[in-house]
């Protein structure tokens, strides 16, 4: 059993990781190039997530440095109560114990998600995809060095080199205690973990995010948000996949033509419903099932709705429960939308690309949960804890 490391030791390990990541920057990027060269798939979002460059290393360093500066999330008093028999009762945050992170292609998860789980007082088990194996093993080597230099056991961060069959067996009958599993990846990975896991799973779900352009929208804002949401990072779960335009939008034809033109400069494939597919360079949406799809590609679907209420119903039916946006100058209509759309994050006149732990003030994220228990949206340091009751008495019986 690993006894909880002091906050001073946890912070020292994180700060040492920052130093080692800087020292080994070139080695990490070189090793990652070998992973990139070995990747033989045609999934551009997977390739984008796999790549480590200077900017990505900078983000890793910033992540562990910021984590080291944050308050200890363990042992925070949430509730206290003095029983009338004299017992003193406290409820405090506590670490889960052991957190297994299963992820695809993203070597930065080996730093950022592991760092959050470690700062929260947990032992970390990492199971990355085969496409990023060399990069991941190099980063785990740095974790072990940081732990050893701070006289902490390397057991705190363990990498599981399992194939799919071995992973399934471990999920069904773990050979060591696992308290929480966090899958980071596509729908197939998440479904696989949910099917086989025997302990709680935080579902970091699919995106398939919608923008609703209300009749009272500032149309320049609408264009900017849609283009940013779709093209800034197509591999992100907070990207935009669907646009629904109100039938009463003034100068609707001009707006749609302008939107198509801007998206085409980024080579975005445009699908449209029967109203929108009348425009040039728009293909017909093949079936209603398209509205359920998360594209993770330079592809977007555009349709028309008759009201705010219809937009809400459509999003609640088809979206991944991640993020949704209304563009309007009407505060009452924005309030109606934001209160009734069932997504983890709702936006009024801002890009869905901000659904991110760092951008929403958490300093980083373990995952973005589309479940409603125990935390929804970005899972930050302060959410990766459970709780425990501490009861102090002097012989009370019941």
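Residue numbers (my numbering): 1 to 398.
C-beta atoms are modelled at their ideal positions from N, C-alpha and C, and glycine is treated no differently.
Handout entry: residue 73 vs residue 120 beta-carbon contact at 8 Å
Key = By one-based count along the chain shown, residue 73 stands at place 73. By one-based count along the chain shown, residue 120 stands at place 120. Cβ distance < 8 Å, so residue 73 and residue 120 count as in contact.
Handout entry: residue 345 to residue 237 span [Cα, whole Å]
Key = As a first step, residue 345 must be located in the chain shown, where it is residue number 345. As a first step, residue 237 must be located in the chain shown, where it is residue number 237. Using only the alpha carbons, I get a separation of about 12 Å.
Exercise for the section: Please confirm whether residue 114 and residue 124 have their CB atoms less than 8 Å apart. Expected result: Position 114 of the chain shown, counted from the first residue, corresponds to residue 114. Position 124 of the chain shown, counted from the first residue, corresponds to residue 124. In contact: residue 114 and residue 124 (Cβ atoms closer than 8 Å).
Problem - the region 287-307 contacting the region 326-339, beta-carbon criterion three pairs below 8 Å - result: no
Exercise for the section: Tell me, please, whether the region 354-365 touches the region 176-192 by the rule of three or more beta-carbon pairs shorter than 8 Å. Expected result: no
Problem - Secondary structure of residue 269, DSSP reduced to three states - result: Within the chain shown, numbered from 1, the residue matching residue 269 stands at position 269. Looking at residue 269 - three-state DSSP - the assignment turns out to be strand.
Exercise for the section: Grab the span of the alpha helix (DSSP H) containing residue 399 for me, first residue to last. Expected result: Residue 399 is absent from the structure shown; the chain starts at 1 and stops at 398.
Exercise for the section: Express the C-alpha separation of residue 182 and residue 402 in angstroms, rounding to a whole number. Expected result: An answer regarding residue 402 cannot be provided, because it is not within the stretch 1 to 398 covered by the chain.
Handout entry: Alpha-carbon to alpha-carbon, residue 67 and residue 86
Key = Residue 86 sits at position 86 when you count from the first residue of the chain shown. Residue 67 sits at position 67 when you count from the first residue of the chain shown. When rounded, the distance between both Cα atoms is 39 Å.
Exercise for the section: For my contact list, residue 9 and residue 152 are in at a C-beta cut-off of 8 Å; report their separation, rounded to the angstrom. Expected result: Residue numbering aside, residue 9 sits at position 9 when the chain shown is read from its first letter. Residue numbering aside, residue 152 sits at position 152 when the chain shown is read from its first letter. At roughly 6 Å, the Cβ-Cβ gap stays under 8 Å, so residue 9 and residue 152 are in contact.
Practice task
Quick one: using the 10 Å Cβ neighbour count with 16 as the cut-off for buried, is residue 401 buried or exposed?
Solution key: Because the chain in this structure spans residues 1 to 398, residue 401 falls outside the shown range and cannot be described.
Handout entry: Cβ-Cβ distance between residue 89 and residue 389 below 8 Å
Key = The residue you call residue 89 lines up with position 89 of the chain shown. The residue you call residue 389 lines up with position 389 of the chain shown. Yes. Within cutoff.
Exercise for the section: Leaving out five residues on either side along the sequence, give the residues of the same chain with a beta carbon under 8 Å from the beta carbon of residue 281. Expected result: Residue 281 sits at position 281 when you count from the first residue of the chain shown. The beta carbon of residue 281 sits closer than 8 Å to the beta carbons of 260, 264 and 270 from its chain, once the five residues preceding and following it are set aside; these are given in chain order.
Problem - Any C-beta of chain C under 8 Å from that of residue 340 - result: Here there is only one protein chain, and chain C is not present.
Practice task
Please confirm if the region 370-386 is in contact with the region 127-139, defined as three or more CB-CB distances below 8 Å between the two stretches.
Solution key: The answer is no - the region 127-139 does not touch the region 370-386, with fewer than three Cβ pairs under 8 Å.
Handout entry: Buried versus exposed, by CB contacts within 10 Å (16 or more), residue 20
Key = The residue given as residue 20 occupies position 20 in the chain shown. Buried is the call here.
Problem - Local Cβ density within 10 Å of residue 322, reported as buried at 16 or more and exposed below that - result: Your numbering for residue 322 matches position 322 in the chain shown. Counting Cβ neighbours within 10 Å, residue 322 comes out buried, since at least 16 surround it.
Exercise for the section: Indicate whether residue 311 and residue 244 have their beta-carbon atoms separated by less than 8 Å. Expected result: As a first step, residue 311 is located in the chain shown; it is residue number 311 there, counting from the start. As a first step, residue 244 is located in the chain shown; it is residue number 244 there, counting from the start. Yes, the Cβ-Cβ distance between residue 311 and residue 244 is below 8 Å.
Handout entry: Beta-bridge partners of residue 101, as assigned by DSSP
Key = Position 101 of the chain shown holds residue 101. Under the DSSP definition of a beta bridge, residue 101 partners with 126 and 182.
Practice task
Count the other C-beta atoms from every protein chain shown that fall within 10 angstroms of the C-beta of residue 5, then say buried if there are 16 or more, exposed otherwise.
Solution key: One-based indexing of the chain shown puts residue 5 at position 5. Under this definition residue 5 is a buried residue.
Problem - Every unbroken alpha helix (DSSP H) inside the region 32-99 [4 residues or more] - result: Listed in chain order, they are 44-50 and 54-69.
Problem - Identity of the residue in 12, 392, 373 and 22 nearest residue 204 by Cα - result: The count along the chain shown starts at 1 and reaches residue 204 at position 204. Among 12, 392, 373 and 22, the Cα nearest to that of residue 204 is on 373.
Problem - Backbone CA spacing between residue 95 and residue 201 [nearest angstrom] - result: Taking the first residue of the chain shown as 1, we reach residue 95 at position 95. Taking the first residue of the chain shown as 1, we reach residue 201 at position 201. Taking the straight line from one Cα to the other gives about 15 Å.
Practice task
Tell me whether residue 196 sits in a helix, a strand or coil according to DSSP, three-state version.
Solution key: For this step, residue 196 is matched to residue 196 along the chain shown. Helix.
Handout entry: Same chain, Cβ closer than 8 Å to residue 148, neighbours up to 5 away in sequence not counted
Key = By 1-based counting over the chain shown, the position of residue 148 is 148. Cβ within range, chain order: 154.
Handout entry: Cutoff 8 Å; reference residue 168; Cβ partners in own chain excluding five residues on either side
Key = Against the chain shown, residue 168 aligns to sequence position 168. Taken in chain order, the residues that qualify are 192 and 196.
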